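Residue numbers (the numbering used here): 711 to 1282.
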Ligand code: AMP
């Protein structure tokens, strides 16, 4: 297929804002594509591979600029000027082809196959001289391109097409081209994409085997599946009743880490994130733990990867590290093992998508049996660069008695985790969607700034520190503080130690482990809900409060007032 024909399509796509028009144009292109179909479904979005294949072409804008200059002989300043003006190096390339000193060669006209295959090949150039070879290869394409073709070659190399085609448009175009375009057909294409994350497979299957063929597409080893997403629960009781199946729901810790999909086929292990990035290289500790703990030969597991401090990860009271610290491991390209020792991890497994064969359609309770059969727990060993592998902490709860769920929720927050998940044990795995089968609950009310009025020393490992803090809001009518609850979670050991230092200087009376304090320190806290309560003199109690930060910028009288707490209570 001539590249010029695809360039016409790009121009027509860019010329309309109507998604329906774009869909119809693409449907017509796909119908006529023949053997070019797999290349075209990725190229129309400026991709050269499916969504999960993040093979980087290693083409930067400065490398592309060099290729434009080499192919066209246009003056660098003028090309840069055009680039700056339009903000698009593709437009600058079109100008350079038209105005450069070198004649376009057209020695071998551009075809879609050539543009696609040659650009893909750039990713394989490595080592000394590879930059120069890339510039040459790209310049070779541009030398054979007319102005408009050059525009889109450059945009494809850089991955920004500017023609306004999203995944939804491709999905609909496939359903219109090869199926009847009905809601049901669109849903079938969408499902097939969620499971395969590859429009090349989806388009060819829709064309060759119709909707029935799409329905047979399934999980495949080493091709990531879009993960099931969670919806927000309005409250713990709502979360429980929404998730209940035959009167019971599964409650689990909600960990704050990286979603990780683990594919195992014999000795081969691959790890994918929620965004389908392959992070196998970045987590040798996890690969090692999977090899050690997973006995199943062909299996796909789902879980959350959490980082803990090196000195607590092997204890019973692990301190999770902030997500930002863990996410540095994803970007790391060198000293990976050093980093793995600094931010050791545990994978908390919570689902199984395939064991020998797919179990996506099986209810959660059955998938969990597969999960339990597939692995043995592994203890983390930071020195040996070995991650931990274990089931996420969970408990079965009945809709009538939410007590154990509350307990688990509090326990999760106390241990420094994010909240609670409630899960429907009768539901199938739904890739890429939230459909009320997975509900999340975390403290998310607007935060409050409150003053520490009293405190109590913790028990156990933190017994040196004032770990339980009573919090008051300001009452301007009496110039005093009225308590609204007590806080014991959300701080790191370091934060708690320095907070204790400050508070110990404010102690006015002491009785055993309890101390009264001059009300001077203001903390910002988040919480889930404000309840009426006789326990505190404000008449309210915060549910599941969590420390956010010390507000050194606020005076105690700047703390939130009792009126504001009244208002927030009313607005819930
Ligand atoms: P959110 O990112 O706030 O929408 O919450 C959903 C995310 O929570 C999932 O994508 C997982 O990465 C994470 N998560 C943590 N713990 C669990 C768990 N026990 N079950 C499912 N997802 C979990």
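C-beta: ideal position from N, C-alpha, C; glycine also. Please read all numbers here as calculations on a predicted model, not as lab measurements.
By the Cβ criterion, the stretch 1152-1166 is in contact with the stretch 1229-1243, since at least three pairs of Cβ atoms, one from each stretch, lie closer than 8 angstroms.
Ranked by how close their Cα comes to the Cα of residue 874, the residues 1117, 1257, 720, 900 have 720 in first place.
In the three-state DSSP reduction, residue 777 falls in the helix class (H, G or I).
Annotation for residue 1219: no alpha helix (DSSP H) segment contains it, though the beta strand (DSSP E) segment containing it runs 1217-1221. For residue 1252, the CB stays at least 8 angstroms from every heavy atom of the ligand AMP.
A heavy atom of the ligand AMP is found nearer than 8 angstroms to the CB of residue 966.
Remark: the C-beta of residue 933 is outside contact range of the ligand AMP, defined as less than 8 angstroms to any heavy atom. Residue 1030 carries a strand assignment under DSSP once its states are collapsed to helix, strand and coil.
Spatial neighbours of residue 857 in its own chain (CB-CB distance under 6 angstroms, excluding positions within 5 residues in sequence) are listed in chain order as 804, 807, 808.
Looking only at 748, 1165, 988, the smallest Cα-Cα distance to residue 711 is reached by 748. The closest heavy atom of the ligand AMP lies 8 angstroms or more from the beta carbon of residue 946. Not one heavy atom of the ligand AMP is found less than 8 angstroms from the C-beta of residue 996. When C-alpha distances from residue 1098 are compared across 1122, 939, 1015, the shortest belongs to 1015. When DSSP states are grouped into helix, strand and coil, residue 812 belongs to the coil group. A heavy atom of the ligand AMP is found nearer than 8 angstroms to the CB of residue 1128.
Contact between residue 1040 and residue 992 is confirmed by a C-beta separation of about 6 angstroms, below the 8 angstroms threshold. A distance below 7 angstroms between beta-carbons, with the five flanking residues on each side excluded, links residue 1279 to the following residues of its chain, in chain order: 1240, 1250. Set against 8 angstroms, the gap from the CB of residue 1242 to the closest heavy atom of the ligand AMP is not smaller.
Its chain contains 887 as the residues whose beta carbon lies nearer than 8 angstroms to that of residue 738, once the 5 sequence neighbours on both sides are disregarded; these appear in chain order.
The shortest CA-to-CA distance from residue 1084 to any of 1165, 1095, 1211, 1006 is the one to 1006. Straight-line spacing of the CA atoms in residue 1021 and residue 732 works out to 56 angstroms. Taken in chain order, the complete beta strand (DSSP E) segments of 3 residues or longer contained in the stretch 993-1020 are 1008-1017. Around the beta carbon of residue 1223, fewer than 16 other beta carbons sit within 10 angstroms, so the residue counts as exposed. Here residue 803 is not bridged, per DSSP, to any residue. Here the alpha carbon of residue 750 sits roughly 17 angstroms from the alpha carbon of residue 831.
It is roughly 20 angstroms from the alpha-carbon of residue 1125 to the alpha-carbon of residue 1260. Classified as buried, residue 1065 has 16 or more neighbouring CB atoms from the shown chains inside 10 Å of its CB. The C-alpha of residue 823 is placed about 8 angstroms away from the C-alpha of residue 746.
In the DSSP annotation of this structure, the continuous segment of the beta strand (DSSP E) that includes residue 1104 starts and ends at 1104-1108. In terms of side-chain proximity, the C-beta atom of residue 823 is found no nearer than 8 angstroms to any non-hydrogen atom of the ligand AMP. Residues 777, 780, 781 of the same chain have their beta carbon placed closer than 6 angstroms to that of residue 849, with the five preceding and five following residues left out of the count.
Looking at the DSSP output, residue 955 shares a beta bridge with 958. Closer than 8 angstroms to some heavy atom of the ligand AMP: that does not describe the Cβ of residue 1125. Distance from the CA of residue 735 to the CA of residue 726, rounded to the nearest whole angstrom, comes to 11 angstroms. DSSP, read as helix, strand or coil, puts residue 973 in strand. Restricting attention to 927, 1276, 931, 757, the CA atom closest to the CA of residue 869 is found in 757.
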